[in-house]
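Data first, discussion second: the structure below is written as structure tokens.
Chains as they are written, first to last, in our numbering: chain A, 957 to 1356; chain B, 957 to 1356.
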């Protein structure tokens, strides 16, 4: 059915997923228009930018791991192509990732992750606190052990968004700053999109509106929920201890925290709570992030706190993204990427480009089919599978 | 000599002190021009707004206490007059102040303050933790005792600045958005002010440029130093515990913190460090403020953190302000108010208005004469008198 789609494509959402899909579709000759009331804002603007499938691994999430490993493998070539197309850096950092644990419970958790990865044939290197500090001298004395995962990378999310916007425009993508309110169909096929300013006719629509995707078409209802995350941006000051060169992820008394390097400092994240469409930065969230991050990198006390922000990740019922055709003919979706939008954007765009051409999607993307049976029995929006997402997810209630 | 001053007045600085002086001078018929590159910004914009001389009392600071008590007594009439003149609220809050202590050292410190005040004939009410919680139910279980000081008030600094600006304009004050670089004299008299755009002739100049005052005329060199303070602005969210109605000052393991109510939340402050003209908000400063404030009012964890900011208080060598004539004829100064600019602005403006008329200044302002002998032997800029400013001042080094 997808083969019959016309040559035009309307993309709803100019975050990392929508932009990458739009760029790729324009590259293969589509006429692409992107609708977004505020392009390159939203969750992509607030993201930490980890490209880190291995350090996200947990038993029960094997399909996400496979997809993520496939995705991170595509990143260096993707970044090189984007840098050339945009004439500015895509923001990829290839210094790798370390994971740090403090208390004995945290170390046991990392041991479980390492054992799980070894069983899957993806061994990771376990390091003592001293060995970790040899890699990253800024790690504090509370760090007692951890992992080195050089293949888990990172990207400067704002550099990436700027490069994607330019590359898309150069490839002929048109941007319209308006909010889509609903995708319209005639019972069989997509016919258009309703916006604040009126309706736009369209026969092919890609919904890539992040946490807002669930409200745009009945086929998506209950499939995407907002998962709030707070981040802090810190800037290095003269005399302060230099930022790490690697991404530092950590468990501090069971709470996850990450510090992702940037040219002028680092991004510190991220809380996780399910409180609807609320992007308030809370006192409790900032307090937790600062306390836990200082346990890991004490030198950040002398950094400048230059920004606090919250974003809404698009969560899916099983935490796998939703990539493919769904519902009436002409409706494509690329959403539900949760914490992995940056990581999965290139492979998602390749899958969407394949669908537009009528080709099969990459093997690793198939479990993300939005029409997968385990999603079809839903009645009410489901919450994250906390039991299988333990070491990177905090409970649904706000952190105390 | 002041009597010979012409009818024009150039005021350098549109913070709370400069604005109040300008308004008062215009009220008595002066032609007043205020120079400031960014009116109503600076330390006044960042202030907590405590009008709290009694809870700032400490042995050795009796003159400042007398001046402050005189000043707070003038505030209700001043606020009423300003509200009428501006046609909008001056922002005064008359709910009073409580002081909370946590550890035994903090309680001993408050006992010393209370004993000192009793010796001066200004007894304050000592309360148990339970009695304090009866007044302010949001106080947490770590609060073990404290003081009630109903006569220490507070003002919404931004409401005040807006009202002062309007009242001054209505009284005929002219504002020029430019930075004064130097006050010029001919060896005997003031002749003008050098600005970025050129020179302005003037025979009477009032320096009210806060922490920047020290660089504007040689007579002020070494008399004013920047004392950095970081504050956080918190907004009440639905479902969170209501903000206190009184100002809450506290000592937490020796560190001072205050929480000043605002219509939509509260202002939380303030760190104190002497690091030159640096207004960076640091991770360590924010972490300290949040940690200590939550010990006192645990409910703020659910508040929104809506702003972080740092300002530079103008410190003087003896922590008394500098109010009066200094150096060449026609030079008046109203600066060095340190933490007390809001409190002392009305009495400062009355003193400046008296000087402009050729009248004596109010009795309580006389110790603030900028030509006082104990300042004349200075060689290098002095630091705060930490030994006599213990319970409201942290060491000169950044707080850890």
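Even glycine gets a Cβ: it sits at the ideal position worked out from N, Cα and C. No experiment lies behind these values; they were computed from the predicted model shown.
Could you pull the start and end residues of the beta strand (DSSP E) that residue 1131 (chain B) belongs to?
Indexing the second chain from 1 puts residue 1131 (chain B) at position 175. Per DSSP, residue 1131 (chain B) belongs to the beta strand (DSSP E) from 1130 to 1132.
Measuring only the C-alpha atoms, how far is residue 1240 (chain A) from residue 1214 (chain A)?
Start at 1 with the first residue of the first chain, and residue 1240 (chain A) comes out as number 284. Start at 1 with the first residue of the first chain, and residue 1214 (chain A) comes out as number 258. If I take the Cα positions, the gap works out to 17 Å.
Look at the Cβ atom of residue 1112 (chain A), then the Cβ atom of residue 1008 (chain A), and state whether they are nearer than 8 Å.
Working through the first chain from its first residue, we reach residue 1112 (chain A) at position 156. Working through the first chain from its first residue, we reach residue 1008 (chain A) at position 52. Not closer than 8 Å, so no.
Across the region 1038 to 1050 of chain B and the region 1068 to 1075 of chain B, are there enough close Cβ pairs to call them in contact, namely three or more that are closer than 8 Å?
no
Measuring CA to CA, which of B:1161, B:1329, B:1237 is closest to residue 977 (chain B)?
Here residue 977 (chain B) corresponds to residue number 21 of the second chain, with the count starting at 1. Closest by alpha carbon: B:1161.
With DSSP as the reference, label residue 1304 (chain A) as helix, strand or coil.
As a working note, residue 1304 (chain A) is residue 348 in the first chain. In this structure, residue 1304 (chain A) counts as helix in the three-state DSSP scheme.
Count the CB pairs spanning the region 1298 to 1313 of chain B and the region 984 to 1004 of chain B that are closer than 8 Å, and state whether there are at least three.
yes
Return the bridge partner residues of residue 1211 (chain B) from the DSSP annotation.
Locating residue 1211 (chain B) in the second chain gives position 255, where the first residue counts as 1. According to DSSP, residue 1211 (chain B) bridges with B:1208.
Spell out the partners DSSP gives residue 1187 (chain B) in its beta bridges.
Taking the second chain and counting its residues from 1, one reaches residue 1187 (chain B) at position 231. The partner list for residue 1187 (chain B) (beta bridge, DSSP) reads B:1225, B:1265.
Looking at the structure shown, is residue 1288 (chain B) part of a helix, part of a strand, or coil, going by DSSP?
Taking the second chain and counting its residues from 1, one reaches residue 1288 (chain B) at position 332. DSSP places residue 1288 (chain B) in strand when its eight states are reduced to three.
Tell me which same chain residues have a C-beta within less than 6 Å of the C-beta of residue 1317 (chain A), skipping the five on either side of it?
To locate residue 1317 (chain A), count along the first chain from 1; it is residue 361. Cβ within range, chain order: 1307, 1310.
So which residues of chain B does residue 1257 (chain A) contact, with C-beta pairs closer than 8 Å?
Indexing the first chain from 1 puts residue 1257 (chain A) at position 301. Within 8 Å Cβ-Cβ: 1238, 1239, 1240, 1243, 1356.
Segment limits, beta strand (DSSP E) that includes residue 1281 (chain A):
For the purposes of this step, residue 1281 (chain A) is identified with residue 325 of the first chain, where counting begins at 1. Per DSSP, residue 1281 (chain A) belongs to the beta strand (DSSP E) from 1278 to 1281.
Helix, strand or coil for residue 1248 (chain B), going by three-state DSSP, please let me know.
By 1-based counting over the second chain, the position of residue 1248 (chain B) is 292. Helix, per DSSP.
Which listed residue (B:1140, B:1123, B:1265, B:1135) has its alpha carbon closest to that of residue 929 (chain B)
Given that chain B is displayed from residue 957 to residue 1356, the structure contains no residue 929 (chain B) and the question cannot be resolved.
So, does the region 1250 to 1260 of chain A touch the region 1079 to 1096 of chain A, judging by three or more C-beta pairs under 8 Å?
yes
Residues in its own chain within less than 6 Å of residue 1038 (chain B) by CB, not counting five upstream and five downstream?
Here residue 1038 (chain B) corresponds to residue number 82 of the second chain, with the count starting at 1. If we look at residue 1038 (chain B) and ignore the five residues flanking it on each side, its Cβ neighbours are 1046, 1119, 1123.
Proximal residues of chain B, C-beta to C-beta of residue 1264 (chain A) below 8 Å:
The sequence position of residue 1264 (chain A) within the first chain is 308, counting from 1. Residues of chain B passing the Cβ test: 1261, 1264.
Checking contacts by CB at 8 Å: is residue 1250 (chain A) closer than that to chain B?
Along the first chain, one-based indexing puts residue 1250 (chain A) at 294. With 8 Å as the cut-off, residue 1250 (chain A) counts as an interface residue toward chain B.
According to DSSP, is residue 1235 (chain B) helix, strand or coil?
Position 279 of the second chain, counted from the first residue, corresponds to residue 1235 (chain B). It is coil, neither helix nor strand.
By the 10 Å Cβ neighbour count, where 16 or more other Cβ atoms means buried, how is residue 1296 (chain A) classified, buried or exposed?
For the purposes of this step, residue 1296 (chain A) is taken as the residue at position 340 of the first chain. Residue 1296 (chain A) should be labelled buried.
Does any residue of chain B bring its CB to less than 8 Å from the CB of residue 1120 (chain A)?
Along the first chain, read from residue 1 onward, the residue named residue 1120 (chain A) stands at position 164. So no, residue 1120 (chain A) is outside the interface.
Compile a chain-ordered list of the residues in the region 1174 to 1206 of chain B whose CB is closer than 7 Å to at least one CB of chain A.
1190, 1193
So that I know if they touch, is there some Cβ in chain A lying closer than 8 Å to that of residue 1030 (chain B)?
As a first step, residue 1030 (chain B) must be located in the second chain, where it is residue number 74. Cβ-Cβ to chain A under 8 Å: no for residue 1030 (chain B).
By alpha-carbon positions, which one of A:1274, A:995, A:1246, A:1211 ends up nearest to residue 1063 (chain A)?
Here residue 1063 (chain A) refers to the residue found at position 107 of the first chain. Nearest of A:1274, A:995, A:1246, A:1211 to residue 1063 (chain A), Cα basis: A:1211.
Which term fits residue 1335 (chain A), buried or exposed, when burial requires 16 or more other beta carbons within 10 angstroms of its beta carbon?
Here residue 1335 (chain A) refers to the residue found at position 379 when the first chain is read from its first residue. In this prediction, residue 1335 (chain A) has a pLDDT of 45, which is less than 50 and means its spatial position is unreliable; what the coordinates show is noted afterwards. Residue 1335 (chain A) comes out exposed.
With 8 Å set as the bound, which would you pick, yes or no: does the beta-carbon of residue 1058 (chain A) sit closer than that to a beta-carbon of chain B?
Residue 1058 (chain A) sits at position 102 when you count from the first residue of the first chain. Closer than 8 Å: no.
Pick out whichever of A:1203, A:980, A:1041 has its Cα sitting closest to the Cα of residue 1104 (chain A).
In the first chain, the residue the question calls residue 1104 (chain A) occupies position 148. That would be A:1203, whose Cα lies nearest to the Cα of residue 1104 (chain A).
Report yes or no: is there a C-beta of chain A within less than 8 Å of the C-beta of residue 1246 (chain B)?
Within the second chain, the letter at position 290 stands for residue 1246 (chain B). True, the Cβ-Cβ gap to chain A drops below 8 Å.
Quick check: what's the CA-CA separation for residue 1220 (chain A) versus residue 1192 (chain A)?
Counted from its first residue, the first chain places residue 1220 (chain A) at position 264. Counted from its first residue, the first chain places residue 1192 (chain A) at position 236. Cα-Cα distance, rounded: 6 Å.
Comparing alpha-carbon positions, which option in A:1152, A:1154, A:1028 lies nearest residue 1110 (chain A)?
As a position in the first chain, residue 1110 (chain A) is number 154, starting the count at 1. Comparing Cα positions, the closest option is A:1028.
What does the alpha-carbon distance come out to for the pair residue 989 (chain A) and residue 1044 (chain A)?
Within the first chain, residue 989 (chain A) is the residue found at index 33, counting from 1. Within the first chain, residue 1044 (chain A) is the residue found at index 88, counting from 1. The straight-line gap from Cα to Cα measures roughly 23 Å.
In the DSSP assignment, find the beta strand (DSSP E) that holds residue 1145 (chain A) and state where it starts and stops.
Residue 1145 (chain A) sits at position 189 when you count from the first residue of the first chain. Note, residue 1145 (chain A): premise wrong, no beta strand (DSSP E); not H, not E.
What first and last residue would you give for the alpha helix (DSSP H) that runs through residue 964 (chain B)?
Along the second chain, read from residue 1 onward, the residue named residue 964 (chain B) stands at position 8. Unbroken run through residue 964 (chain B) is the beta strand (DSSP E), 964 to 968; no alpha helix (DSSP H).
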